[in-house]
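Enquirer: Numbering (the working numbering), first residue to last: 1 to 1265.
Every residue gets a Cβ at the ideal spot worked out from N, C-alpha and C, and that includes glycine.
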């Protein structure tokens, strides 16, 4: 007869041990039923009813034996009296215990219970029946209490609540959740309770607060089975648990402010405990407590992320801490914002612009990294009428993704916080974008727009805050191409790189072939045409070998159309001499026809030898090459940030022979590894090495035989028992660390670099290499510059120690019990600062080590924040300095944007140098580039003030030690005497002399000699081409370190007296060091180089100003003037007159007055720009009316259009404009910009956009190769 006793049923329940289930948090309002969360005390062992274990847990073997024996009872066996029933009174018939023949017969076994409910906690189903069925009919596994209730004994320790149980009743299967250990569920009028054992060591309940919602953590749904129900019983506390949190439905804004609402471990409320968070795979923990906010937003592309959560003490050494892996489910938010873009004409007409692509991206994920978020919007360039004009953007929450939002309100602000301008009404939803002015204006292909989105609950509390940048970019039409050879397996690319230049509307494309490919070989050129974001070669109308302006021209020349081959398998040709090709998209005469002209040419490629010097240690092996993986622990190279990760440590057990080891390693192909003192390369798993005498130096020699890198490896063995604890860190291997020991204390220098190459942290891995514990470890940082700070988790706070070095078996998380880490972080805004300070490590107050810290914070960057003022005509030089301390990283500078004063340049080495020839304030941005690819570039904006060349300013510009001891006197134009300028500066440092910003020529304009520095200047040079007035003499010196020093003075030239005479209608020529001086009967004195010489005396032309403007009065009393020229259509136009005066070109109108601003010369058919002060402009010019940048040819002054190579870079200047952007004001005689034209001005430079022929130029206008 079947015999299941109540006590045995309890025993069985205790053995139904199932693995701890991952947990799942479900937001309020989800489909899963939300029950009231009860955060009060949980069940204890003493609370267990119906067979509680009390304080002792039965022996597993005995329980197993008991269950097996009972399950093996035969049907015809008679049960003995069972003391297991003594805790429950057995009912009697008329007060008597039933006789044996009153007991149910075997036939009763075929009967079904009158009522039965089966429950399953995971892998075994238990039948609960009525008291009578259980005892009288011996049915079921357990019975209901008198009140119809039943308490389920949860088989596992520390179960996580809510807890899921499956019930079967009357053929119906349901799954119910017990929210807390005190909760109950009702199944067919029976109340079920649960009881569990907790030891208050692990988290058993948790809720999160997201956007004001309480999100309960649920176990994942179980897969219920009905097996043996017996699993090994484990009494060990859980060291790691897996949890899941479902945060789907929340926007990325709300996920930035998530907090733990409540957290329990059994009966213990852990509200005061620390919780250390980090993304799985990262080790940068952020510490918070219940109620603290944490940013749990993740990569918008994903719908899940794994977080690591450590609960307990704020110490990496606290062995009582528990690790939880939190699998978080979110809603992918790449498309959470839907943009709409409109363009508006000057007349207010609105046109929608196609959005080709839009994505929301998050970069630099991790608690200690700045999270940079971007909404990247790509629009159709073809739809834009004016790419230079702002467009209007509206954003809407994507209803397909977030149809029901949790927040009450969301607002958008301009800038990085909610303190900025509220632009919600402009940029967010419910805006009629067809109306003029609707949407927020954003520049196309310009700088990013900084936006902050904030969500609020119904009470107005902030529930989320995210700052992101809007980047608006265009995509138009263009070509992509490749050069190939054909093989049996398909196309093979034959080139390593390309170079491109554009001249006269033709793109010259040079293919640098891979080494070994003949330059005169036949190769296949294959083109692909793209319309915006799609391949669209079918739109190509025709293609011809040759350069043509129209399809008709090509057809008339009788050349074949190669479109099908060029855009198919490829056009085969020998490209060594250059092959011209023209591609037409659209028919001749069509307004949108596109013409692409190329010349493709091949050039020979050089053999490229690998310069890589990396070194990976795969394994430590014995002398025979047999792995010692079970006897060693190789510290991962990036666990310690010292130097270039080239100081490596391996820990081994006592069985390893240090004198006879081999390494299993990887180095780049054809590179070689050498060990210290060996002339033969080290062979992986073959070369036997001796590590018994400390660190061994290795060198990786690159294939190119130019690059090499040193590595040091130290193998440390488990010490003998009883060895005193001893501290170790890898920088002790470095001789440059100058490590010493005094009275058992380590003194060492530690150079640190907190930059991109080192993951923006500096880790110091410390080890206890003694067998005894190093107890109560602390670390203190004293920083002289406050550039760095200790990490809050990876530190030593005291109270915990490092175990002895007794094993090389890690804990399963990659650590040994004798290892710890100290992490240094950069303080905010500390980039570029030097590191100076000490790091002190102690054990229970006993000094272990003192590290002197040096180094620098941040990637190499510009450190110069301000630049000194300059003085007009005085030599100027200042170095824009940087924080680069790597000899293998080359730094270069360039002018990124803005304007320098005339005469000034930014040198590649970072020197701002020159002799400014104009005064004023000049704002410009300098960019520094690093040759190391892991380092970014860095830019800084400066304002250079150039002061007027007054006597006070010029005299003050002379540097100490370079004082002028003999000055040039004031002279007259009649003077014929040379004069000497003497400075205290060393003659060996003398470089150049400048007069009014013009460099003088030694031997022609002056002579120099020692005796301090003596400079004798020719008389005619001093007269500055016979220009009266104040002149500035500046002398440049350079010290040994190339620092610029200067001496300067002013002197005056007056007009009393003259050189050369003159008369009548003839002319007199006087030879000077700066051109010949001629006296013209009309214009007076004219220099063959600088033109008309103005002055107050006889024989000089002069400037004259009245209420209308300036005029040039010739020496004969007439005025310089242009004239009105009659055109072929009968209309008259003003033709200006050009005169070169005192070295500058000026234009005069028909009324005799000086022109300024833009000037159109009808005879020369060109635009010029003039200033009243300095005449014709040349080189770069930014117009103050339209804000556009132009380039005036330095040799002619003409405005440049089309592509122009300037200082080695290509720039594009607008060649056409659909409407007139400037209008001539006859009253003022000047050209005026039409602010309502809405079109790009003729000749203006393209910046940060695609040119009409589909090349992209940067923000500085230079073509981005």
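1. Count the other CB atoms within 10 Å of the CB of residue 309; is the residue buried (16 or more) or exposed (fewer)?
2. Which first and last residues belong to the beta strand (DSSP E) in which residue 619 is found?
3. Residues in its own chain within less than 6 Å of residue 363 by CB, not counting five upstream and five downstream?
4. Across the region 532 to 544 and the region 623 to 634, are there enough close Cβ pairs to call them in contact, namely three or more that are closer than 8 Å?
5. Hey, could you find the ends of the alpha helix (DSSP H) residue 133 is sitting in?
6. When the Cα atoms are used, what is the spatial distance from residue 49 to residue 271?
7. Please classify residue 301: is it buried, with 16 or more other beta-carbons within 10 angstroms of its beta-carbon, or exposed?
8. Would you mind stating whether residue 159 and residue 177 have Cβ atoms separated by less than 8 Å?
9. Measure the Cβ-Cβ separation of residue 568 and residue 559 and say whether it is below 8 Å.
10. If you follow the alpha helix (DSSP H) that residue 318 is in, where does it begin and where does it stop?
11. Should the region 757 to 772 be regarded as contacting the region 737 to 749, the criterion being three or more beta carbon pairs within less than 8 Å?
12. Can residue 570 and residue 600 be called in contact, C-beta distance under 8 Å?
13. Using the Cα positions of residue 906 and residue 510, report the straight-line distance between them to the nearest angstrom.
14. Leaving out the 5 sequence neighbours to the left and right, which residues in its chain are closer than 6 Å to residue 1249 when beta-carbon positions are compared?
15. Are the beta-carbon atoms belonging to residue 728 and residue 316 less than 8 Å from one another?
16. Do residue 259 and residue 306 have their C-beta atoms within less than 8 Å of each other?
17. How many angstroms separate the CA atom of residue 622 from the CA atom of residue 1265?
18. Of all the options 1194, 1192, 1213, which has the alpha carbon lying nearest to the alpha carbon of residue 1202?
19. Roughly how many angstroms separate the alpha carbons of residue 590 and residue 1191, rounded to a whole number?
20. Do the region 388 to 400 and the region 432 to 441 make contact, defined as three or more Cβ pairs closer than 8 Å?
21. Which residues mark the beginning and the end of the beta strand (DSSP E) in which residue 394 is found?
22. Quickly, what does DSSP pair residue 1102 with across the bridge? List them, please.
23. In angstroms, rounded to a whole number, what distance separates the CA positions of residue 1002 and residue 945?
24. To the nearest angstrom, report how far apart residue 213 and residue 406 are at their CA atoms.
25. Give the straight-line distance between the Cα atoms of residue 1246 and residue 876, rounded to the nearest whole angstrom.
26. Report, in whole angstroms, the separation of the C-beta atoms of residue 1169 and residue 1157, which I expect to be a contact under 8 Å.
27. Pull up the CB-CB distance for residue 1016 and residue 978, whole angstroms please, since I reckon it's below 8 Å.
28. If contacts are defined as beta-carbon pairs under 8 Å, then residue 1339 and residue 784 qualify, I think. What distance do you get, rounded to the angstrom?
29. Report the CB separation of residue 471 from residue 377 in whole angstroms; it is logged as a contact under 8 Å.
30. Among 1244, 1151, 1253, 1208, which residue has its Cα nearest to the Cα of residue 1227?
31. What residue range is occupied by the uninterrupted beta strand (DSSP E) comprising residue 496?
32. Exposed or buried, residue 1126, counting other C-beta atoms within 10 Å across all chains shown (16 or more means buried)?
33. In terms of alpha-carbon separation, which member of 732, 1185, 337, 1123 lies closest to residue 642?
34. Can you give me the C-alpha to C-alpha distance between residue 320 and residue 314, rounded to a whole angstrom?
35. Hey, how far is the Cα of residue 720 from the Cα of residue 652?
36. Are the CB atoms of residue 413 and residue 454 nearer to each other than 8 Å?
Expert: Judging by the given coordinates:
1. Translated into the one-based positions of the chain shown, residue 309 becomes position 309. Within 10 angstroms of the beta-carbon of residue 309 lie 16 or more other beta-carbons, which makes it buried.
2. The count along the chain shown starts at 1 and reaches residue 619 at position 619. Counting along the chain, the unbroken beta strand (DSSP E) around residue 619 starts and ends at 616 to 622.
3. Against the chain shown, residue 363 aligns to sequence position 363. Answer for residue 363: 372, listed in chain order.
4. Taking one beta carbon from each stretch, the region 532 to 544 and the region 623 to 634 have fewer than 3 pairs nearer than 8 Å; the two do not touch.
5. The residue given as residue 133 occupies position 133 in the chain shown. Counted as a single uninterrupted DSSP element, the alpha helix (DSSP H) harbouring residue 133 occupies residues 131 to 135.
6. Here residue 49 refers to the residue found at position 49 when the chain shown is read from its first residue. Here residue 271 refers to the residue found at position 271 when the chain shown is read from its first residue. Note on residue 49: pLDDT 38, under 50, position unreliable in the model; the coordinate value appears next. Separation of residue 49 and residue 271 (C-alpha to C-alpha, rounded to the nearest whole angstrom) is 30 Å.
7. Here residue 301 is taken as the residue at index 301 of the chain shown, counted from 1. Burial call: exposed.
8. To locate residue 159, count along the chain shown from 1; it is residue 159. To locate residue 177, count along the chain shown from 1; it is residue 177. Their beta carbons are not under 8 Å apart, which means residue 159 does not touch residue 177 by this criterion.
9. Here residue 568 is taken as the residue at index 568 of the chain shown, counted from 1. Here residue 559 is taken as the residue at index 559 of the chain shown, counted from 1. Using a Cβ distance threshold of 8 Å, residue 568 and residue 559 do not count as a contacting pair.
10. For this step, residue 318 is matched to residue 318 along the chain shown. Counting along the chain, residue 318 falls outside any alpha helix (DSSP H), and DSSP gives it neither H nor E.
11. Verdict: no, contact absent.
12. As a first step, residue 570 must be located in the chain shown, where it is residue number 570. As a first step, residue 600 must be located in the chain shown, where it is residue number 600. Judged by beta-carbon spacing, residue 600 lies beyond the 8 Å limit of residue 570, meaning their Cβ atoms are not closer than that value.
13. Position 906 of the chain shown, counted from the start, is the residue given in the question as residue 906. Position 510 of the chain shown, counted from the start, is the residue given in the question as residue 510. So the alpha carbons of these two residues sit roughly 30 Å apart.
14. Residue 1249 sits at position 1249 when you count from the first residue of the chain shown. For residue 1249, where only same-chain residues beyond five positions count, the Cβ hits under 6 Å are 387, 445.
15. As a first step, residue 728 is located in the chain shown; it is residue number 728 there, counting from the start. As a first step, residue 316 is located in the chain shown; it is residue number 316 there, counting from the start. Judged by beta-carbon spacing, residue 316 lies beyond the 8 Å limit of residue 728, meaning their Cβ atoms are not closer than that value.
16. As a first step, residue 259 must be located in the chain shown, where it is residue number 259. As a first step, residue 306 must be located in the chain shown, where it is residue number 306. No, the Cβ-Cβ distance between residue 259 and residue 306 is not below 8 Å.
17. Residue mapping note: residue 622 aligns to position 622 of the chain shown, counting from 1. Residue mapping note: residue 1265 aligns to position 1265 of the chain shown, counting from 1. Between the alpha carbons of residue 622 and residue 1265 lies a distance of about 52 Å.
18. Mapped onto the chain shown, residue 1202 falls at position 1202. It is 1213 whose Cα lies nearest to the Cα of residue 1202.
19. The sequence position of residue 590 within the chain shown is 590, counting from 1. The sequence position of residue 1191 within the chain shown is 1191, counting from 1. Their Cα atoms are separated by approximately 32 Å.
20. Taking 8 Å as the limit for Cβ pairs, the verdict is that the region 432 to 441 does touch the region 388 to 400.
21. Your numbering for residue 394 matches position 394 in the chain shown. For residue 394, the enclosing beta strand (DSSP E) starts and ends at 391 to 397.
22. For the purposes of this step, residue 1102 is taken as residue 1102 along the chain shown, with counting starting at 1. DSSP, once it has assigned bridges, lists 1113 as partnering residue 1102.
23. On the chain shown, residue 1002 is found 1002 positions in, with the first residue counted as 1. On the chain shown, residue 945 is found 945 positions in, with the first residue counted as 1. The straight-line gap from Cα to Cα measures roughly 30 Å.
24. For the purposes of this step, residue 213 is taken as residue 213 along the chain shown, with counting starting at 1. For the purposes of this step, residue 406 is taken as residue 406 along the chain shown, with counting starting at 1. CA-CA distance, residue 213 to residue 406, rounds to 8 Å.
25. Within the chain shown, the letter at position 1246 stands for residue 1246. Within the chain shown, the letter at position 876 stands for residue 876. For residue 1246 and residue 876, the distance between alpha carbons rounds to 31 Å.
26. Mapped onto the chain shown, residue 1169 falls at position 1169. Mapped onto the chain shown, residue 1157 falls at position 1157. Their Cβ separation, rounded to whole angstroms, is 7 Å, which keeps residue 1169 and residue 1157 in contact under 8 Å.
27. Walking along the chain shown from the start, residue 1016 turns up at place 1016. Walking along the chain shown from the start, residue 978 turns up at place 978. Going by Cβ atoms, the distance from residue 1016 to residue 978 rounds to 6 Å, so yes, they are a contact pair.
28. Here the chain covers residues 1 to 1265 and nothing more, so residue 1339 does not appear.
29. Numbered from its first residue, the chain shown carries residue 471 at position 471. Numbered from its first residue, the chain shown carries residue 377 at position 377. That belief holds up - the Cβ atoms of residue 471 and residue 377 are roughly 7 Å apart, short of 8 Å.
30. What you label residue 1227 is simply residue 1227 of the chain shown in a count that begins at 1. Of the candidates 1244, 1151, 1253, 1208, the residue whose Cα lies closest to the Cα of residue 1227 is 1151.
31. As a first step, residue 496 is located in the chain shown; it is residue number 496 there, counting from the start. Residue 496 -> beta strand (DSSP E) spans 495 to 503.
32. In the chain shown, the residue the question calls residue 1126 occupies position 1126. By the neighbour-count rule (16 or more Cβ atoms within 10 Å), residue 1126 is not buried but exposed.
33. Counting from one through the chain shown, the residue named residue 642 turns up at place 642. When 732, 1185, 337, 1123 are compared, the shortest CA-CA separation from residue 642 is found for 732.
34. For this step, residue 320 is matched to residue 320 along the chain shown. For this step, residue 314 is matched to residue 314 along the chain shown. Note on geometry: alpha-carbon atoms of residue 320 and residue 314 lie some 11 Å from one another.
35. Working through the chain shown from its first residue, we reach residue 720 at position 720. Working through the chain shown from its first residue, we reach residue 652 at position 652. Rounded to the nearest angstrom, the two C-alpha atoms are 13 Å apart.
36. Residue mapping note: residue 413 aligns to position 413 of the chain shown, counting from 1. Residue mapping note: residue 454 aligns to position 454 of the chain shown, counting from 1. A contact, by the Cβ cut-off of 8 Å.
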